[in-house]
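In the working numbering, the protein residues as written are 80 to 223. Before any comments, here is the structure.
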């Protein structure tokens, strides 16, 4: 019985890391979602600030991340400490631009547009968040 339980825990301890390794490096697990391609016209860089204001008035504070690499990029947050509240307790929308693959057509142009849009949107939203009486997260680095 003890031998069986030791063998089971060995298999169990090897199973999870193996699955995580396979999911991390498998072609099936790569984020090849190019949905930004379909909605690209909806994300005009010139309208990003007004879109942020409209979004803030409608839904409150939310930010945009861009899935263009292994980890989503968060434009506009280079000088801000990313806290648990900011990351986990705030609504985030992700623009999918192929993430860790290069399967999307015109990927470089789409990445550039998505990052520019998200940067302008997030900067405007940070201004709204820093003056909001309802938003509960502290945003260090923004000016009031």
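Using N, Cα and C, we set each Cβ at its ideal position, and we do this for glycine too. Keep in mind the model is a prediction, meaning the values are calculated, not measured.
| Item | Value |
| --- | --- |
| So the candidates are 217, 216 and 204; which of them puts its Cα closest to the Cα of residue 137? | 204 |
| Under three-state DSSP, which class holds residue 208? | helix |
| Between which two residues does the alpha helix (DSSP H) containing residue 115 stretch? | 115-118 |
| What residues in its chain sit with their C-beta under 6 Å from that of residue 207, if we drop five residues either side in the sequence? | 135 |
| Once you ignore the five residues that flank residue 217 on each side, which residues in its own chain have a CB closer than 6 Å to its CB? | none |
| Assign residue 212 to one of two classes, buried (16 or more other C-beta atoms within 10 Å of its C-beta) or exposed (fewer than that). | exposed |
| Going by alpha carbons, who is nearest to residue 114 out of 174, 151 and 154? | 174 |
| Examine the Cβ distances between the region 184-201 and the region 120-134 and report whether three or more of them are shorter than 8 Å. | yes |
| Count the other C-beta atoms from every protein chain shown that fall within 10 angstroms of the C-beta of residue 147, then say buried if there are 16 or more, exposed otherwise. | buried |
| Roughly how many angstroms lie between the CA atoms of residue 194 and residue 118, to the nearest whole one? | 14 Å |
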